[in-house]
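For reference, the structure is listed below as structure tokens.
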Amino acid sequence: MPASDLKYVPGRVPEGYVAVPLSAEQRGAPILLCVLVKKEADPVAGHLVTLRDVIDARVLLGCVTDAAGQVHDWVEVWVQDLDGLGTTVAAHREDLCNAMIDERWERQVLGFDRFDRPVIYKTGWERERPPPTWIDVAAGEPVHPVDKKTGDRWRLCREDLLLVKAGLPAYSTSLHRYLYLPQLGAESAFVAVTREAPTGKNTKALSEIVPAHLGKGMAPLNPGGGLMMVRRYGPIGFEAYLDVLTSGTWPGVAHGRSSVPLDLTDKAEAGSAAGARKAADAGGAGGGEDAAGPGS
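Its first residue numbered 5, the sequence shown is counted upward by one per residue in our numbering.
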């Protein structure tokens, strides 16, 4: 990169926001994969910046930071989420199940891997499910619920036999999902994490496993413990770029009633078409806000 272009490196976390690591295991690491969190929740969109929703995932705005908090790249944080299936035709939903959704996710990851230019930050969560995660906004920390008695972390249950024995729908053949404590196995309680999931004597509410003292200061990042994917983000998609060339301005990334002022340009070019070109170029093969990816 020529020295004259260094000013277009992402730079810093926007004022009013904080970059929170995606997992507690990242604490102390020199390079962090983070999700962007607004300190004061937007009245419409909440604490997290949703770039878009696809049929099986929420796509959130994140970043790559160093130990000093410097932003080196903007990223998309894909979190597997089945709530989007509620907008599909009911007859089509009857043909879907968790096994098919997971297979679709795997095909999508393979599709991104075929790009000439790497676009995914490999974490292992593309294929191995991370623990359920909330964000403690006040502390700026990820929280993974732990059972006080056993010290075990809650995890997504994919054991069909355990679920059926508890009188609940099997994971592989339904769209319902439950958390459980692996150490307890069949003796574990089950926590429903999908809408309209059947409950019974062995189930408990999701609110019961989230630390109560955090109250409203909790933002659900990946409450269902689903698969995750982190890929490069180009803030300006093709259609938005055309609008910029016409109007000469770019409002930033929308977040509810406001927008996120990403530090992509210097003051002289902020909000200008020239600055937007730099923002578009920054995304490269990583796609933009209009890019849903293979198979979406």
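We put the beta carbon where it would ideally sit given N, CA and C, even for glycine.
Open item on the list: What ranges does the beta strand (DSSP E) occupy inside the region 178-229, keeping only unbroken runs of at least 3 residues that lie completely in it?
Closed with: The region 178-229 contains these whole beta strand (DSSP E) runs: 182-184, 194-196 and 222-226.
TODO: Assess, as a yes-or-no matter, whether the region 44-52 is touched by the region 233-244 under the definition of 3 or more beta carbon pairs within less than 8 Å.
DONE: Taking 8 Å as the limit for Cβ pairs, the verdict is that the region 44-52 does not touch the region 233-244.
Open item on the list: Three or more C-beta pairs under 8 Å: does that hold for the region 120-132 against the region 150-165?
Closed with: Cβ pair count under 8 Å is below three, so no.
Task: residue 58 beta carbon less than 7 Å from that of residue 38 - done: Cβ distance not < 7 Å, so residue 38 and residue 58 don't count as in contact.
Task: the region 103-112 in contact with the region 195-203 per 3-pair CB rule at 8 Å - done: By the Cβ rule, the region 103-112 does not count as touching the region 195-203, because fewer than three pairs are nearer than 8 Å.
TODO: Compare the Cα-Cα distances from residue 20 to each of 29, 121, 46 and 136 and report the closest residue.
DONE: Measuring from the Cα of residue 20, the nearest candidate turns out to be 46.
Task: Per-residue burial, residue 213 [other beta carbons within 10 Å of its own, 16 or more giving buried] - done: Its Cβ being crowded by 16 or more others within 10 Å, residue 213 is buried.
TODO: Determine the burial state of residue 80: buried for a count of at least 16 other Cβ atoms within 10 Å of its Cβ, exposed for fewer.
DONE: When all chains shown are included, residue 80 counts as buried.
Open item on the list: Closer than 8 Å is the cut-off here; do at least three beta carbon pairs connect the region 68-75 with the region 26-44?
Closed with: Yes: the two stretches touch, three or more of their Cβ pairs being nearer than 8 Å.
Open item on the list: Taking 7 Å as the threshold (C-beta atoms), are residue 166 and residue 190 in contact?
Closed with: Result yes, Cβ atoms of residue 190 and residue 166 sit closer than 7 Å.
Open item on the list: Considering just the uninterrupted stretch of the beta strand (DSSP E) at residue 105, what are its terminal residues?
Closed with: Looking at the DSSP string, residue 105 is not in any beta strand (DSSP E); the run it does join, the alpha helix (DSSP H), is 102-117.
Open item on the list: Please classify residue 137 as buried or exposed, where buried requires at least 16 neighbouring CB atoms within 10 angstroms.
Closed with: So residue 137 counts as buried.
Task: Residue burial classification, residue 279 (beta-carbon count within 10 angstroms, cutoff 16) - done: Because the pLDDT of residue 279 is 47, which lies under 50, any placement of that residue in the model is unreliable, and the number read from its coordinates should be weighed accordingly. Buried is the call here.
Task: Own chain, CB closer than 8 Å to residue 159, minus 5 neighbours either side, in chain order - done: If you ignore the 5 residues before and after residue 159, its C-beta comes within less than 8 Å of the C-beta of 133, 135, 136, 183, 184, 185, 186 and 229, all in its own chain and listed in chain order.
- [ ] Compute the Euclidean distance between the alpha carbons of residue 225 and residue 83, then round it to the nearest angstrom.
- [x] Between the alpha carbons of residue 225 and residue 83 lies a distance of about 8 Å.
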